[in-house]
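Visitor: Structure in structure tokens, see below.
Number of protein chains: 4
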Amino acid sequence: MIKVGIIGLGYWGPNLVRNFQSVNGAEVIAVADFDDNRLGKIHQLYPKIKLFKDAEELFNLSEIDAVVLATPINTHYTLAKTALLKGKHVLVEKPLATSRAEVLELIDIAGEKELSLMVDHTFLYTGAVQKIKSVVDSGELGKLQYFDSTRINLGLFNPNWSVIWDLAVHDLSIFDYISGGKKPVAVSATGVSHTQLGIENLAYISLYFEDDTFAHITSSWISPVKIRKTLIGGSNKMIIYDDVEPTEKIKIYDSGFSVSSPEDVHKWLIDYRFGDIYIPKLPQMEALKGVAEDFIGSIRDKSLPLASSESGLNVVTILEAAQKSLVNRGQTINL
Amino acid sequence: MIKVGIIGLGYWGPNLVRNFQSVNGAEVIAVADFDDNRLGKIHQLYPKIKLFKDAEELFNLSEIDAVVLATPINTHYTLAKTALLKGKHVLVEKPLATSRAEVLELIDIAGEKELSLMVDHTFLYTGAVQKIKSVVDSGELGKLQYFDSTRINLGLFNPNWSVIWDLAVHDLSIFDYISGGKKPVAVSATGVSHTQLGIENLAYISLYFEDDTFAHITSSWISPVKIRKTLIGGSNKMIIYDDVEPTEKIKIYDSGFSVSSPEDVHKWLIDYRFGDIYIPKLPQMEALKGVAEDFIGSIRDKSLPLASSESGLNVVTILEAAQKSLVNRGQTINL
Amino acid sequence: MIKVGIIGLGYWGPNLVRNFQSVNGAEVIAVADFDDNRLGKIHQLYPKIKLFKDAEELFNLSEIDAVVLATPINTHYTLAKTALLKGKHVLVEKPLATSRAEVLELIDIAGEKELSLMVDHTFLYTGAVQKIKSVVDSGELGKLQYFDSTRINLGLFNPNWSVIWDLAVHDLSIFDYISGGKKPVAVSATGVSHTQLGIENLAYISLYFEDDTFAHITSSWISPVKIRKTLIGGSNKMIIYDDVEPTEKIKIYDSGFSVSSPEDVHKWLIDYRFGDIYIPKLPQMEALKGVAEDFIGSIRDKSLPLASSESGLNVVTILEAAQKSLVNRGQTINL
Amino acid sequence: MIKVGIIGLGYWGPNLVRNFQSVNGAEVIAVADFDDNRLGKIHQLYPKIKLFKDAEELFNLSEIDAVVLATPINTHYTLAKTALLKGKHVLVEKPLATSRAEVLELIDIAGEKELSLMVDHTFLYTGAVQKIKSVVDSGELGKLQYFDSTRINLGLFNPNWSVIWDLAVHDLSIFDYISGGKKPVAVSATGVSHTQLGIENLAYISLYFEDDTFAHITSSWISPVKIRKTLIGGSNKMIIYDDVEPTEKIKIYDSGFSVSSPEDVHKWLIDYRFGDIYIPKLPQMEALKGVAEDFIGSIRDKSLPLASSESGLNVVTILEAAQKSLVNRGQTINL
């Protein structure tokens, strides 16, 4: 039985408690939060779980094998480092940390201590993203040409971190997963803050790669409607993933274009293809349950989880570069 | 009676002939195209119209008052200049020309010769854009915060000019109109070509302004679906303009956010408002008829058309800067 | 404190327990179900609630003031009658009973004993239906012309009662409420069974009234998609209520038609009006909580609940007539 | 060359002229209409076509091989009969005539004189209906269980014929075609008139068959929105045909249900299947061109057109019975 402690009982923490309680081979034995009310609610539902107001005290419980951090972004690095140094396996809410340097240090420590370090890239564990991954990996999509993802709504502003750390992190994690960890060579990001604090609430990220793959992400907290739509273009097929759709989330288009006479550039011709559309039935999965199982599995089997620290590194590397570009009006950041 | 000659009988030209024929006070008396077939078709429908294979010959007809150019982009400047110098009023298909310098020169000539110079920014003459303009001008929208427009489909590649010259030109003309000619101070654009010719078929433009207004445009010829959607955020209301919708093109959202305690930045609070939605009935207008009438009116009344050469200048200025940024991976271009 | 017992812990029962527990002035003190597992689950969540395997034993608890019946349709009459005779207020899941005669008898007993008898017409307590009711009552809709409601999906067959007793009951209760209890003078229903048991899984009900109001209901358990859409036509405005829409459930159309010269039938003319559309923000309400509060309020204040026994009678009267017509291929049943 | 005369130049007539002009082997040589304006417009476009104010005069032209009737419903029978008796092949706008007796008489005359008699069931010639037909005929759909079609909008009232003669005629012709001419054994129809003339503007038709196939049609001129949606349920798959969709008109659902233990009715169990969805690319066809070609082909090759007089008979038979039921509040009419 792997014994788990969960830090942070805000919006996401109670869901983590519930899901980890349901994983075979795992047991939540302690939680920590500075807020008595939140602790009280967990106590009502799970009287056996130990309560702490301080994360470090929880880390000091020798019987704890693994901890889950559902705390504000800027605490991730310090808490994760502390926990790793005390020999705990660590699962961190997205993003893994706030800079590439921080993530690299955490990876090093985890490596030295042979501990599992994982990040909660929840969307990787949905039926929709699993399906996209399988379409890409099977070759059905062809060469990946573009990834264009929009994630906008009238949403809660984070007072300290721009919208890309809250929303684009999802799109980047999905891209990283389905592209097999494809790394951009340059980043350009633009956006704006509409409040006095100067935290960008509307932002756009462009990613350049060695080949002609291109990725673009739109993030906004100030849209009147909720849109979560990703277009994925391949040389054979194209996919539209609409996460707001209750059942028909994935549409696979047998449409595309091809250049017919590339030798003579003066006579080139584009052929267009409009074909059938296919809406696959998606496996029913509770994503967060998948996250919890993958983390516990990675500890038990010393295996690599889908949302590995490596994928966390890739995502944070881009976010950090994008934020740098963002404050410089789209300036190209080479990676 | 204002006598009109139309140059170029490709896709758009015959529509121009038909619409100008229906304008009171105007008459199409000549057309020019190098293609005999195209000339023949016009002759069948309108036997009285004179046919020319060369535009200059048409310009030499002394009875011609005004010419309309529906020719490829790179011919706009030369043909317009020639026609103006021969004393003809000129309407040019979008974009007006291929650089700010060219447009400025055309404006100068038109000014000296007191001729009307207009660009066919067709969308300005739709019921939808007219409605948006009235909502913005009435103050109902509040301070303009953002303009985010997507215009994508699986569309005809232009072999010489990137997708922004074909598609973003529409969005930029709409923005210019509804914002009252608001000029950006910086441009950043990104994108990619997926063919050997290196013409970008997927591109994104960001516009910065002196205040916190922000604009972003997505253009693509390689989307499996046709999307033409514009989000316009104001401090009071927000608008979604979906041009693919057959009847409910404009939705006005009484939703928004406001910062409640701006003095103490540590205690700031965002209030969110989700309110009613209103879908106004739009006036039925044939946009191209409106273009033709506005051009003829501008000649007759020496008035300024909505799609003035000034708006043409604003749009081309941005396109030129965006193209420069585009080939430099998002490099900021200050204006 | 009004003490409540709940009979039937299948799909709906546990929701009733939870909601009644949260009503001020009410307390669930006992539940009954023949299934030990279901009883066990309630016990885990609410250890103080008494458990019974037999409804009658629960009815015999003298401290019980009110009972809620969430049992199969054919048990409603007998259980409700027994409970009323023992002096308990009674809330019954829809439909109230299986025939007009049964409902009338229950109403009589409740009347004699001055007990509250209510039926769980849940939709009456939603923000959407409340909004429609207010639009109708304000006169904004004008004269009610038609009500056309579709409620279909690939849903659980009931082995004993046709689809109208499961689905049309919702539409009929909504019609009864928004029309102010308007009673049809004739019913025709058609439909079919696609299984060996002969229970109709697809059915249509038409209702005639003394004036030219018309109502039609489509019910199906065998549709590949879930549709819950109601069109309500008035002489001034029309409403579309789409319950599958997450947020924009109600659209009010300022569209209509009017006959312009009714005197001379040979010269009549229909004028059509296409106007604005308005999507009101709906109040957030948990419908079942509203049901529970209305029931408790009706007991405490001796008031009439929205989902009164009278509305239950109206609905069952129509269902009974419709079923009779249904087995006779649409035969008109006069009421 | 088959020489064609077209009677009636209202809304549909000019489209017929244009389409018949484009059919190889056919030529429109005359048209008739009582309205000089309409005749004048045809003359402008086709100066060689002869103009008549009276249909009979046109019928008397000996060179005319075939006539097309695009006149009001109540004139169909008389005009078609006259034309047939004069030895002309006849294509009639839907519906073929106003009663089964009329259609039978026309069929008899056409048979005796070996003339082609066809009805313009335009939808049969669309890519969407062709696709549905092929799915049904291939066996992919399985046993046809239901056909449920809704065709409503805020549309032009016909002052003499109820909405079913205007709209349901389309749905009935589609059903007749895809079901291979399956004939109902009973009809029930309901509906209402909201004007003083008593012409039903809202109506519903139910069709019973010898087996458990069921069909239902909703027709309305008073809906605030345009809906043209047909659900077709089979024992293997289900189809949704949404004619308002610009491109994705047909969705094929691999969903369904099956009864697993039919022997023991007390233990029956329904299995539900939710599977993939498939949106086929549809062939691009101009439907009316297809109608014209099929008519000309039927004359030239003495072949049976898709929209044969037999299908016209089936549709009129149902419409006549439905109208009889409609005025009797759903009374069952056995066929």
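Residue numbers (this note's numbering), protein chains in the order written: chain A, 89 to 423; chain B, 89 to 423; chain C, 89 to 423; chain D, 89 to 423. Cβ coordinates follow ideal geometry from the N, Cα and C atoms, glycine included.
If we define contact as Cβ-Cβ less than 8 angstroms, is Phe159 (chain A) a contact residue for chain B?
Guide: The question names Phe, yet the displayed sequence has Thr at residue 159 (chain A). Chain B, which has no Cβ nearer than 8 angstroms to the Cβ of Thr159 (chain A), makes this no.
Visitor: Tell me the rounded alpha-carbon separation between Asn248 (chain A) and Val313 (chain B).
Guide: 37 angstroms
Visitor: Do Met429 (chain A) and Tyr213 (chain A) have their CB atoms nearer than 8 angstroms?
Guide: As displayed, chain A neither begins before 89 nor continues past 423, which places residue 429 (chain A) out of reach and without an answer.
Visitor: Since Gln233 (chain A) meets chain B, which of its residues come closer than 9 angstroms, beta carbon to beta carbon?
Guide: Val280, His282, Leu290 and Ile310
Visitor: Which residues in the same chain as Arg316 (chain C) place their Cβ atom closer than 6 angstroms to its Cβ, once the five residues preceding and following it in sequence are excluded?
Guide: Arg239, Asp331 and Val332
Visitor: Starting from Ala118 (chain B), follow its DSSP beta bridges and name the residues at the other end.
Guide: B:Gly93 and B:Lys138
Visitor: If you measure from the beta carbon of Glu336 (chain B) to each beta carbon in chain C, is any gap under 8 angstroms?
Guide: yes
Visitor: Is the region 402 to 414 of chain D touching the region 290 to 307 of chain D, taking contact as three or more C-beta pairs under 8 angstroms?
Guide: yes
Visitor: Classify Pro312 (chain A) as helix, strand or coil using the three-state DSSP reduction.
Guide: strand
Visitor: Any idea if Tyr329 (chain C) is buried or exposed, counting beta-carbon neighbours within 10 angstroms, 16 or more meaning buried?
Guide: buried
Visitor: Given a cut-off of 8 angstroms, decide if Leu184 (chain A) and Val207 (chain A) are closer than it, judged by their beta-carbon atoms.
Guide: yes
Visitor: Express the C-alpha separation of Ser307 (chain B) and Gly279 (chain B) in angstroms, rounding to a whole number.
Guide: 9 angstroms
Visitor: In this structure, does DSSP put Asn422 (chain C) in helix, strand or coil?
Guide: strand
Visitor: Using a C-beta to C-beta distance shorter than 8 angstroms, which residues of chain B count as neighbours of Tyr296 (chain A)?
Guide: Thr278, Val280 and Arg417
Visitor: Enumerate, from N- to C-terminal direction, the unbroken alpha helix (DSSP H) stretches of 4 or more residues contained entirely within the region 363 to 419 of chain C.
Guide: 375 to 388 and 397 to 414
Visitor: Between the alpha carbons of Leu146 (chain B) and Leu127 (chain B), how many angstroms are there, rounded?
Guide: 13 angstroms
Visitor: In terms of residues, what are the limits of the alpha helix (DSSP H) holding Tyr265 (chain D)?
Guide: Val257 to Ile266
Visitor: Would the region 213 to 223 of chain D and the region 259 to 267 of chain D be scored as touching if the rule is three or more Cβ pairs under 8 angstroms?
Guide: yes
Visitor: Could you pull the start and end residues of the alpha helix (DSSP H) that Ile220 (chain A) belongs to?
Guide: First-last of the alpha helix (DSSP H) with Ile220 (chain A): Gly215 to Asp225.
Visitor: If you draw a straight line from the C-alpha of Asp236 (chain D) to the C-alpha of Asn241 (chain C), how long is it?
Guide: 13 angstroms
Visitor: For Ser42 (chain B), count neighbouring Cβ atoms within 10 angstroms of its own Cβ and tell me buried if that reaches 16, exposed if not.
Guide: Any answer about residue 42 (chain B) is impossible in this case: the structure gives chain B only from 89 up to 423.
Visitor: Can you grab the Cα-Cα spacing for the pair Ile387 (chain D) / Asn162 (chain B), in whole Å?
Guide: Taking the straight line joining both Cα atoms gives about 54 angstroms.
Visitor: Are Asn107 (chain D) and Ala380 (chain D) close, meaning C-beta to C-beta below 8 angstroms?
Guide: It is a contact, given that the beta carbons lie within the stated cut-off.
Visitor: Does the beta carbon of Asp364 (chain A) sit closer than 8 angstroms to a beta carbon anywhere in chain D?
Guide: yes
Visitor: Any idea what DSSP makes of Gly344 (chain D), helix, strand or coil?
Guide: strand
Visitor: Judging by CA-CA distance, which residue of C:Asn416, C:Leu401 and C:Asp123 is the nearest neighbour of Ser276 (chain C)?
Guide: C:Asn416
Visitor: My output table needs one value for His177 (chain A): the three-state DSSP class, helix, strand or coil.
Guide: strand
Visitor: With a cut-off of 8 angstroms, does the C-beta of Pro368 (chain C) fall near any C-beta of chain B?
Guide: yes
Visitor: What does a CB cutoff of less than 6 angstroms around His209 (chain C) pick up in its chain, not counting 5 residues either side in sequence?
Guide: Lys182, Ser261 and Ala395
Visitor: Just to make sure I have the definition right: I need the residues of chain B whose C-beta is within less than 9 angstroms of the C-beta of Ala216 (chain A). Which are they?
Guide: Near Ala216 (chain A) there are no residues of chain B at all, since even the closest Cβ is about 17 angstroms away, more than 9 angstroms.
Visitor: Measuring CB to CB, does Asp121 (chain A) end up less than 8 angstroms from Leu97 (chain A)?
Guide: yes
Visitor: Can you give me the C-alpha to C-alpha distance between Lys325 (chain D) and Ser311 (chain C), rounded to a whole angstrom?
Guide: 11 angstroms
Visitor: Val347 (chain C) versus chain D: which residues are under 7 angstroms apart at the beta carbon?
Guide: Thr283 and Gln284, listed in chain order.
Visitor: Ends of the beta strand (DSSP E) at Leu212 (chain C)?
Guide: Element bounds for Leu212 (chain C): n/a, residue is neither H nor E.
Visitor: In angstroms with no decimal places, state the Cα-to-Cα distance between Thr301 (chain B) and Leu285 (chain A).
Guide: 16 angstroms
Visitor: Using 8 angstroms for Cβ pairs, my map puts Gly440 (chain B) next to Ala158 (chain B). What's the rounded Cβ distance?
Guide: In this structure chain B extends from 89 to 423, so residue 440 (chain B) is not present and cannot be described.
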